[in-house]
Amino acid sequence: MALFTSSSASLMVDRALNDQIPNLSYQTRDFNVLEAIAIGKYVGESGASGGVAFGVGATTSHHQKLVLVDYDTRNPRDALAFVMGHNMHRSYWDTKEHYYYAADAGRPVGFIPWQDGSTKVRSSMLFDINDNIVKAWRRERKPSSIFSKHVL
């Protein structure tokens with residue numbers, strides 16, 4: 000199994016952001032102010048304190064990760080995707096022992112292990128998943144990311 004170092008991961012990110020990896024598109028998006036206010040209001044209505052509702056509304060982010068593989072095939076049954084919640088940050092990795100304390104696991108202090116899930120999806124369901132993502136990105140009016148040239 001190949002492991003990525005921070006320098007090799009940085010190199011891959013640089014290549015992806017500069018369109019140097021064939022068939023790979025890196026996209027980001029953000030919430031607009033009205034959406035952030037609506038999220039904060041929703042959190043507040045669920046019983047959270049005003050400070051928590053404000054914090055969630057002000058700092059929330061999209062957490063959808065989708066990898067479409069062979070999406071545009073002649074036979075929809077051959078289409079394949081992975082819908083993930085994985086954070087690719089090197090400090091959140093985990094082991095099968097699930098050490099909580101960073102020193103035991105070799106993680107930087109302050110980072111805890113995260114258990115995210117992935118789902119392998121096949122067939123025509125990918126059209127609905129793709130539609131959800133595309134509609135959300137098309138709502139974005141102006142780039143607000145540091146990777147602004149890659150925002151749809």
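Residue 83 in numbering that gives the first Met the number 0 sits at position 84 of the sequence shown, and the numbers go up by one each step. Note that CB positions come from ideal geometry on N, CA and C, so glycine has one too. Values in this document were obtained by computation on a predicted structure and should not be read as measured data.
Which of the three DSSP states, helix, strand or coil, is assigned to residue i?
i: Ser122; result: coil
i: Lys95; result: coil
i: Ser48; result: coil
Please name the residue in the options whose C-alpha comes closest to that of residue i.
i: Ala80; options: Ser123, Val55, Glu96; result: Ser123
i: Gly54; options: Ala15, Asn74, Ala35; result: Ala35
i: Asn22; options: Leu67, Val133, Phe126; result: Leu67
i: Pro75; options: Val133, Phe126, Asp13, Leu33; result: Phe126
i: Thr118; options: Lys64, Arg73, Leu16; result: Lys64
i: Val32; options: Ala78, Ser48, Thr58; result: Thr58
Residue i lies in the beta strand (DSSP E); which residues open and close that run?
i: Ala80; result: 79-83
So, is residue i buried or exposed, given that buried needs 16 or more other C-beta atoms within 10 angstroms?
i: Gly56; result: buried
i: Ala37; result: exposed
Note the first and the last residue of the continuous alpha helix (DSSP H) segment covering residue i.
i: Val40; result: With the sequence shown as reference, residue 40 is identified as Lys, and Val is not the correct amino acid for it. That run of the alpha helix (DSSP H) goes 32-44.
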